Structure formats: C-alpha cells, structure tokens
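Q: Below is one structure. I have some questions about it.
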Ligand SMILES: [Fe+2]
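Residue numbers (my numbering): 25 to 234.
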C-alpha cells in the first residue's frame with residue numbers, strides 16, 4: 025500500500041501553562057478573593073462565584089496577575105488572529121466548588137479568549153471537559169461502542185492533563201466546556217475573559233472595550 029498523508033484541518037488551540045504563578049501567589053489570591061465567593065450557581069448549590077471583580081478589588085494583586093497572564097494571552101491571540109497585539113482582561117471572578125458541585129455546559133459571550141487559573145489542586149473527576157458543539161437541527165449519526173476507537177477526528181470531548189494549583193488554561197471563548205460532578209475536595213479557580221484591542225479585516229476594523 026502506498027504511503028498516505030492525513031491532514032488535521034482547522035484545529036482549535038487550547039493552551040496550558042504549568043505553574044504560571046507560584047504557591048505564594050496562589051495563597052495571596054485565595055486570601056484576597058475567596059471571602060467574596062458567596063453567589064450560588066444556578067445549577068449547583070455546591071458551586072459559588074464571586075461577583076465580577078472590578079478595578080477596586082485587590083488592585084495590586086490583580087494587576088500583578090494580569091501582567092503574569094498577559095504574555096500567554098497574547099501568544100494564544102496570535103494563534104487565533106495571526107498577529108501579536110494588545111489584549112485586555114475584561115472581567116475576572118472566582119469559583120469555589122465543593123464536593124458534589126458541578127458547572128453546566130457553557131461558553132463565554134462577548135469575549136475571545138477565556139481562561140481558568142487553578143487556585144487549588146483539582147480532583148480528576150472535576151477536570152474541565154471541553155466538547156464539540158452540541159447538534160443543531162440536523163440528524164446525527166454516530167459509531168460509538170466498545171469496539172470503536174476514539175481519536176481526534178471523532179471524539180466529542182477532550183480532557184487535558186490533571187491541573188495543579190498555579191496552572192493556567194486558555195481557550196477560545198466559543199469553546200463549550202463543563203465541570204463534571206466534583207468527587208474530590210474543594211476546587212477553587214479564577215476565571216477570566218479577554219478581548220483584543222482591535223480586529224481588522226482589510227481596513228474594516230472593530231475595537232472593543234470593557
Ligand atoms: Fe467557563
């Protein structure tokens with residue numbers, strides 16, 4: 025048989041940065057922000073969020089953090105849009121998930137790059153799951169059974185390596201994701217959304233502000 029070539033068309037970049045902040049910075053963020061995690065999630069009482077953090081909340085701590093995250097956001101942005109440009113973090117909030125908590129499938133509106141910074145270790149059961157778009161109004165045919173191998177061309181879901189406190193995950197905001205039921209201890213994350221300064225399609229440009 026002649027040798028064949030397979031091209032993986034149009035892949036989706038998901039970026040992982042191990043230990044983007046150290047243990048002391050993790051602790052400082054937990055101490056500074058976690059006291060506010062008081063809003064219960066609509067779907068899960070065991071999941072609480074802070075309100076969206078504003079410029080008045082822990083300005084020094086969050087400014088330092090934004091500086092740490094910035095270069096990675098720029099790097100993923102250049103994969104998505106082909107250009108290194110300035111990005112802004114539009115909003116941040118903290119999620120505190122207790123044993124039995126979960127986060128329903130969702131994506132993030134009105135932004136381009138979203139991120140999850142782990143402020144605790146994370147039980148394998150509650151690792152973030154990314155998934156393909158759920159069906160529209162077309163009938164769906166599948167071949168999913170014990171004898172069918174799952175690979176990048178037919179998988180519905182993707183789960184990254186086990187995250188540890190201080191790890192960062194960045195992904196395009198349209199990507200659906202969820203957190204399955206947490207069978208482990210408390211899972212604390214800081215989530216955020218980022219926007220580029222400007223997108224330009226041959227002179228027709230659009231800018232964004234938070
Ligand atoms: Fe999310």
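All residues carry an ideal CB built from backbone N, CA and C; glycine is no exception.
Computed from a prediction, not measured in an experiment: that's the story for all the values here.
1. Short check: CB of residue 194 to CB of residue 137, under 8 Å?
2. Could you tell me how far apart the beta carbons of residue 141 and residue 54 are, in whole angstroms, since I believe they sit closer than 8 Å?
3. Grouping DSSP H, G and I as helix and E and B as strand, with all else coil, what is residue 103?
4. By a C-beta neighbour count over all protein chains shown, 10 Å radius and 16 as the cutoff for buried, is residue 157 buried or exposed?
5. Can you name the start and end residues of the beta strand (DSSP E) that residue 150 belongs to?
6. Measuring only from the beta carbon, is residue 215 closer than 7 Å to any heavy atom that is part of ligand 1?
7. Within the present structure, is the beta-carbon of residue 67 separated from the nearest heavy atom of ligand 1 by less than 7 Å?
8. So is the beta-carbon of residue 132 under 7 Å away from any non-hydrogen atom of ligand 1?
9. Can you name the start and end residues of the beta strand (DSSP E) that residue 112 belongs to?
10. If we count the other Cβ atoms within 10 Å of its Cβ and call it buried at 16 or more, is residue 152 buried or exposed?
11. Buried or exposed, going by whether 16 or more other CB atoms sit within 10 Å of the CB of residue 23?
12. List the endpoints of the continuous alpha helix (DSSP H) containing residue 54.
13. Can you give the Cα-Cα distance for residue 118 and residue 180, rounded to whole angstroms?
14. Does ligand 1 have a heavy atom nearer than 7 Å to the CB of residue 122?
15. In its own chain, which residues sit with a C-beta less than 7 Å from the C-beta of residue 132, not counting the 5 before and 5 after it?
16. Assign residue 110 to buried or exposed, taking buried as 16 or more other Cβ atoms, counted over all protein chains shown, within 10 Å of its Cβ.
17. Cβ atoms of residue 42 and residue 191: under 8 Å apart, would you say?
18. Going by DSSP, name the residue or residues bridged to residue 262.
19. Give a yes or no on whether the C-beta atoms belonging to residue 93 and residue 50 are separated by under 8 Å.
20. Got a sec: does ligand 1 put a non-hydrogen atom nearer than 7 Å to the Cβ of residue 96?
21. In whole angstroms, what separates the C-alpha of residue 102 from that of residue 225?
22. Under a three-way DSSP split, which group does residue 143 fall into?
A: Looking at the coordinates:
1. yes
2. Actually they are not in contact, since the Cβ atoms of residue 141 and residue 54 sit about 11 Å apart, beyond 8 Å.
3. helix
4. exposed
5. No beta strand (DSSP E) holds residue 150; DSSP gives it neither H nor E.
6. yes
7. No, since every heavy atom of ligand 1 falls outside the 7 Å radius drawn around the Cβ of residue 67.
8. yes
9. 111-121
10. buried
11. Nothing about residue 23 can be reported from this structure: the residues present for the chain run from 25 to 234 only.
12. It spans 47-57 - the alpha helix (DSSP H) in which residue 54 sits, taken as one unbroken run.
13. 28 Å
14. no
15. Excluding positions up to five away in sequence, the list reads 138, 197 and 217.
16. Residue 110 comes out exposed.
17. yes
18. Lying outside 25 to 234, the shown extent of the chain, residue 262 is not represented and no answer is given.
19. no
20. no
21. Just so you know, the alpha carbons of residue 102 and residue 225 end up roughly 15 Å apart.
22. In this structure, residue 143 counts as coil in the three-state DSSP scheme.
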